[in-house]
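A.B. asks: Handing you a structure now.
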Amino acid sequence: MSKQNPRKALNKAYHQLSAENKSLVKRKSLSGEFAPQKLIEQLTALKSYAKKVTDYQTFWHKKNSTENRNSENTLFIVVMVFATAIYFIGRDWTWEPIGLGVLVFSISFILVWKAVSLIIKLQAKAKDIEADGLSFLLPLLLILTDEIRPGSQVKLDLYLGRASRGRHKERTQKNYKFLTHRIIVRSWIGLVLLVAVYTILSLINPQIFPPIIPFFVLPMILVFYVFIYMIVFSIASAAFGKSPKVKARFLKVPRILVQAQLADGTLFQTDVTHWIIQKTAFKKKEKLKNFQLHKKKKKYKVKMVTTLKLAFPQKRYRMHTQTFQEKFNRKLYVSGKPVAKTKLKPGEKRQTVVYQHVQLKQGTGHEVTSFPYPTFKQFVQLVVEGGYNRLRKKTQDTHTVRNSKTKQAEEQYSRDDLTLIKGIGQSTKIKLNNEGVIAFQQIADMELSDFEDMLRHIDLPFHKAKDWQSQARSLA
1 MSKQNPRKAL
11 NKAYHQLSAE
21 NKSLVKRKSL
31 SGEFAPQKLI
41 EQLTALKSYA
51 KKVTDYQTFW
61 HKKNSTENRN
71 SENTLFIVVM
81 VFATAIYFIG
91 RDWTWEPIGL
101 GVLVFSISFI
111 LVWKAVSLII
121 KLQAKAKDIE
131 ADGLSFLLPL
141 LLILTDEIRP
151 GSQVKLDLYL
161 GRASRGRHKE
171 RTQKNYKFLT
181 HRIIVRSWIG
191 LVLLVAVYTI
201 LSLINPQIFP
211 PIIPFFVLPM
221 ILVFYVFIYM
231 IVFSIASAAF
241 GKSPKVKARF
251 LKVPRILVQA
261 QLADGTLFQT
271 DVTHWIIQKT
281 AFKKKEKLKN
291 FQLHKKKKKY
301 KVKMVTTLKL
311 AFPQKRYRMH
321 TQTFQEKFNR
331 KLYVSGKPVA
341 KTKLKPGEKR
351 QTVVYQHVQL
361 KQGTGHEVTS
371 FPYPTFKQFV
381 QLVVEGGYNR
391 LRKKTQDTHT
401 VRNSKTKQAE
411 EQYSRDDLTL
421 IKGIGQSTKI
431 KLNNEGVIAF
441 QQIADMELSD
451 FEDMLRHIDL
461 PFHKAKDWQS
471 QARSLA
C-alpha cells in the first residue's frame, strides 16, 4: 500500500476537525476561561492533527531545500535564454510567429508554475500550527482537573502560530549603520543589468524604447562588467570597514499562559515564552576569482523561559515574612541545573514565590524547525521541590543543622573575621558561618574541590575559591 501524500493527508485531517478546532487553527490562538475537562478533549483532538502538520513540514522542507530551489531556478533561466534565442533567430526567418509563441509560452509557463506553488504554500500555511507545547500542556491540565477549586475554571492563553518578525520582533541590534560594500557592488550590478535589459527591449520594440545604446555594446557588457568589477571590488573592499559586521534580531513569542486557583486557595500561574535571537554575521573574506567579498553566517538561539508563580494564602499557611524568606530564599535545582531566577513577594494576604527556569537551543540559519519546551517531569519537580516541599519544611530543622555545624567548627577553630579576605563582605560571611566556616585555617585546610562545591551550594561565586583559599592561608 503506497503512503499517502503528506499534503493530501494534511487536508484530510483538517476537514475531519470539529468546527471549533478549525476556527482555532485559523486563528492560531486560544484565549479565555475553560472547564479543564472540556479543554483537554479539544486539545487532544488537535494533537492528532498536529502530527499531520509535522509530517507535512518535514516533506515541505525536504522538497524546498536550497539545492532543489537552485536547480529549479537554473532550469527556468535556461528555458528563458533558449526561448529568447529562438525569438531573435526567428526574426530573420519566416518563422518569427513560432519564436514569439515559444517565448510567450515559456514566460506564461514559468509564471503559472510560480503562482500555483505560491497558492499551495499559502493554503498549507493557513492550516499550519506549532503544537509541540501540547505535550506539556495536556498533562498539566489533567493534573489541574483534580487540584483546582471545585467549580472554578482554568484561564488559558495559547499561541499556536509560527514566530514572525513582523509580529514578534522586540528590537534589533547591529554594529553598523548600513553595509557600504554591499550597496557599492549591488549598485554596479543593477546598472549593468539595466543597460542590458534596455538594449534588449530596444531591439524588441524600437518605437517605445529608442535604441539609444548601440547594439554592439550588448556582447561587450560581460567583458565590460568583469573589467570594471575589479575596480568596483577594490572600492567596496576598502569601504567594508570593521569586520565582522553583526546584526541580531530579538523576537519574543509568548506560547502558553495558565492560571488557576487550587483547592487550598493557592493562586497558580505558569507561562512559557520563547526568546529567539537571529544573528547574521558578515566577515570580510576576499576572493576575486569567485567575486566574493564577504562570508555570511546565519545562526539562531532559542531561549525558553518557564515562569512559575505560586501565591500561598496567609489564611491557610500562616507564615511570618522572615519564615517565608528562610524557606524559599535558597537555590533550587531542576534536573541538576540551577533555576535562573527566584523572586519572593511577601504580603499581608499572600506570600508569593516566582521561579524562572531557562533552557537553550541553537543552530544554523534563521528558521527554527522545532522549539524547546519543558518536560512535564521537570515542571512537576519545579512545583513540588520549589513550592510545597519548602512550604511544609520546618525552619527549626535548618536552624538546628546550622547551629550544629557552627558548634563543631568552634570546637576545632577560633573565630576569625572572614571579611578580611578581599571579596568577602558581611552577607557572604554570614552564609559561610551558617555552613560552619568560621576561621581562616579552616578554609586553608579544605580541599579546593570541596570548597568550590560548598560555595556553589550556597550560591556564591565558586570560581573565587582558589583566590579566597590563598588569602586565608596568608592570614591564618
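For the sequence shown, the positions run 1 to 476 when this note's numbering is used.
Ideal Cβ placement from N, Cα and C applies to all residues, glycine included.
Here the structure is a predicted model, which is why all the values come from computation and not from measurement.
1) Per DSSP, F34 is paired with what?
2) How many angstroms separate the CA atom of K287 from the CA atom of P6?
3) Which residues in the same chain as L140 place their Cβ atom closer than 8 angstroms to its Cβ, once the five residues preceding and following it in sequence are excluded?
4) Tell whether a beta-carbon distance below 7 angstroms holds between G245 and F268.
5) Per DSSP, what are the beta-bridge partners of G363 in this structure?
6) Could you name the residues that DSSP lists as bridge partners for V334?
7) Name the two residues that bound the continuous beta strand (DSSP E) containing E170.
8) Does the distance from the C-beta atom of D438 to that of R473 stay below 7 angstroms?
9) State the CB to CB distance for the pair L475 and T428, rounded to an integer number of angstroms; the pair is presumed to be in contact (CB under 8 angstroms).
10) Between the beta-carbon of V79 and the beta-carbon of S106, is there less than 7 angstroms?
11) Verify whether the separation of the beta carbon atoms of I256 and G133 is less than 7 angstroms.
12) Which word fits E170, buried or exposed, when buried means at least 16 other C-beta atoms lie within 10 angstroms of its C-beta?
13) Per the DSSP calculation, P313 is bridged to which residue(s)?
14) Which residue's Cα is closest to the Cα of Q469: G423, H457, I228?
15) Helix, strand or coil for E447 per DSSP?
16) With a threshold of 16 other CB atoms inside 10 Å of the CB of R165, please say whether the residue is buried or exposed.
17) Are the CB atoms of I184 and A236 nearer to each other than 7 angstroms?
18) Taking 7 angstroms as the CB-CB cut-off, is K295 touching chain B?
19) Rounding to the nearest angstrom, what Cα-Cα distance links R167 and G161 in this structure?
20) Bridge partners for W275 per DSSP, in chain order?
21) If we ignore side chains and look at the alpha-carbon of each, how far apart do D264 and R316 end up?
22) Output the boundary residues of the alpha helix (DSSP H) element that contains R415.
23) Look at the Cβ atom of I110, then the Cβ atom of V25, and state whether they are nearer than 7 angstroms.
24) Would K299 and K279 qualify as a contact pair, given that the criterion is a beta-carbon distance under 7 angstroms?
25) Would you list the one or two residues that DSSP bridges to S29?
26) Should S202 go down as buried or exposed, given a rule of 16 or more other Cβ atoms within 10 Å for buried?
27) For a quick check, are the C-beta atoms of V339 and H357 less than 7 angstroms apart?
28) With DSSP as the reference, label I184 as helix, strand or coil.
29) How many angstroms separate the CA atom of Y176 from the CA atom of V197?
30) Over the uninterrupted alpha helix (DSSP H) stretch that includes R149, give me the two end residues.
31) To the nearest angstrom, report how far apart T306 and P374 are at their CA atoms.
32) So the alpha helix (DSSP H) N488 belongs to, where does it begin and stop?
33) Please identify the residue among T369, R350, L293, G241 whose C-alpha is closest to the C-alpha of K301.
34) Inspect the beta-carbon positions of E452 and F462 and report whether they are closer than 7 angstroms.
35) What are the boundary residues of the alpha helix (DSSP H) that includes P244?
36) Just to confirm, are K284 and S243 a CB contact at a threshold of 7 angstroms?
C.D. replies: Working from what's here:
1) For the purposes of this step, residue 34 is taken as the residue at position 34 of the sequence shown. Bridge partners of F34: V154.
2) Sequence index remark: in the sequence shown, residue 287 carries index 287 (1-based). Sequence index remark: in the sequence shown, residue 6 carries index 6 (1-based). Cα to Cα, K287 sits roughly 43 angstroms from P6.
3) What you label residue 140 is simply residue 140 of the sequence shown in a count that begins at 1. Excluding residues within five positions, the ones whose Cβ falls inside 8 angstroms are V258, T270, F376, F379.
4) For the purposes of this step, residue 245 is taken as residue 245 along the sequence shown, with counting starting at 1. For the purposes of this step, residue 268 is taken as residue 268 along the sequence shown, with counting starting at 1. Per the sequence shown, the amino acid found at residue 245 is Lys instead of Gly. Cβ distance not < 7 angstroms, so K245 and F268 don't count as in contact.
5) Position 363 of the sequence shown, counting from 1, holds the residue named residue 363. Answer is Y300.
6) One-based indexing of the sequence shown puts residue 334 at position 334. Per DSSP, the beta bridge partners of V334 are K337.
7) Position 170 of the sequence shown, counted from the start, is the residue given in the question as residue 170. Here the beta strand (DSSP E) through E170 covers 169–174.
8) Along the sequence shown, read from residue 1 onward, the residue named residue 438 stands at position 438. Along the sequence shown, read from residue 1 onward, the residue named residue 473 stands at position 473. It is worth fixing the name first, because residue 438 is Ile in this sequence and not Asp. Result no, Cβ atoms of I438 and R473 do not sit closer than 7 angstroms.
9) Here residue 475 is taken as the residue at index 475 of the sequence shown, counted from 1. Here residue 428 is taken as the residue at index 428 of the sequence shown, counted from 1. About 16 angstroms separates the Cβ atoms of L475 and T428, ruling out a contact at the 8 angstroms cut-off.
10) Taking the sequence shown and counting its residues from 1, the one referred to as residue 79 is at position 79. Taking the sequence shown and counting its residues from 1, the one referred to as residue 106 is at position 106. Using a Cβ distance threshold of 7 angstroms, V79 and S106 count as a contacting pair.
11) In the sequence shown, residue 256 corresponds to position 256, counting from 1. In the sequence shown, residue 133 corresponds to position 133, counting from 1. Yes, they are a contact pair.
12) Taking the sequence shown and counting its residues from 1, the one referred to as residue 170 is at position 170. So E170 ends up on the exposed side.
13) Along the sequence shown, read from residue 1 onward, the residue named residue 313 stands at position 313. BP columns for P313 point to R350.
14) As a first step, residue 469 is located in the sequence shown; it is residue number 469 there, counting from the start. Taking only the C-alpha atoms, the option nearest Q469 is G423.
15) To locate residue 447, count along the sequence shown from 1; it is residue 447. Three-state result, E447: coil.
16) Within the sequence shown, residue 165 is the residue found at index 165, counting from 1. So R165 counts as exposed.
17) The sequence position of residue 184 within the sequence shown is 184, counting from 1. The sequence position of residue 236 within the sequence shown is 236, counting from 1. It is a contact, given that the beta carbons lie within the stated cut-off.
18) Any reference to chain B falls outside this structure, which holds one protein chain only.
19) For the purposes of this step, residue 167 is identified with residue 167 of the sequence shown, where counting begins at 1. For the purposes of this step, residue 161 is identified with residue 161 of the sequence shown, where counting begins at 1. Looking at the backbone, the Cα of R167 and that of G161 are separated by about 11 angstroms.
20) Start at 1 with the first residue of the sequence shown, and residue 275 comes out as number 275. DSSP lists K252, K303 as partners of W275.
21) In the sequence shown, counting from the first residue as 1, residue 264 sits at position 264. In the sequence shown, counting from the first residue as 1, residue 316 sits at position 316. Their backbone Cα atoms lie some 7 angstroms apart in a straight line.
22) For the purposes of this step, residue 415 is identified with residue 415 of the sequence shown, where counting begins at 1. Premise fails: R415 is in no alpha helix (DSSP H) and is neither H nor E.
23) For this step, residue 110 is matched to residue 110 along the sequence shown. For this step, residue 25 is matched to residue 25 along the sequence shown. No, they are not a contact pair.
24) As a working mapping, residue 299 is identified with position 299 in the sequence shown. As a working mapping, residue 279 is identified with position 279 in the sequence shown. The criterion of a C-beta distance shorter than 7 angstroms is satisfied by K299 and K279.
25) In the sequence shown, counting from the first residue as 1, residue 29 sits at position 29. Y159.
26) Against the sequence shown, residue 202 aligns to sequence position 202. Around the beta carbon of S202, 16 or more other beta carbons lie within 10 angstroms, which makes this residue buried.
27) Stepping through the sequence shown from its first residue, residue 339 is reached at position 339. Stepping through the sequence shown from its first residue, residue 357 is reached at position 357. Result yes, Cβ atoms of V339 and H357 sit closer than 7 angstroms.
28) The residue labelled residue 184 in the question sits at position 184 within the sequence shown. Of the three classes helix, strand and coil, the one that applies to I184 here is helix, per DSSP.
29) Locating residue 176 in the sequence shown gives position 176, where the first residue counts as 1. Locating residue 197 in the sequence shown gives position 197, where the first residue counts as 1. When rounded, the distance between both Cα atoms is 34 angstroms.
30) Counting from 1 along the sequence shown, the entry for residue 149 is found at position 149. That residue, R149, is in no alpha helix (DSSP H); it is neither H nor E in DSSP.
31) Mapped onto the sequence shown, residue 306 falls at position 306. Mapped onto the sequence shown, residue 374 falls at position 374. Taking the straight line joining both Cα atoms gives about 7 angstroms.
32) Absent from the model: residue 488. The displayed extent of the chain is 1 to 476, so no value can be given.
33) Walking along the sequence shown from the start, residue 301 turns up at place 301. The residue with the shortest Cα to Cα distance from K301 is T369.
34) For the purposes of this step, residue 452 is taken as the residue at position 452 of the sequence shown. For the purposes of this step, residue 462 is taken as the residue at position 462 of the sequence shown. The answer is yes: Cβ separation under 7 angstroms.
35) Locating residue 244 in the sequence shown gives position 244, counting from the first residue. Looking at the DSSP string, P244 is not in any alpha helix (DSSP H), and its letter there is neither H nor E.
36) In the sequence shown, residue 284 corresponds to position 284, counting from 1. In the sequence shown, residue 243 corresponds to position 243, counting from 1. Cβ atoms of K284 and S243: closer than 7 angstroms.
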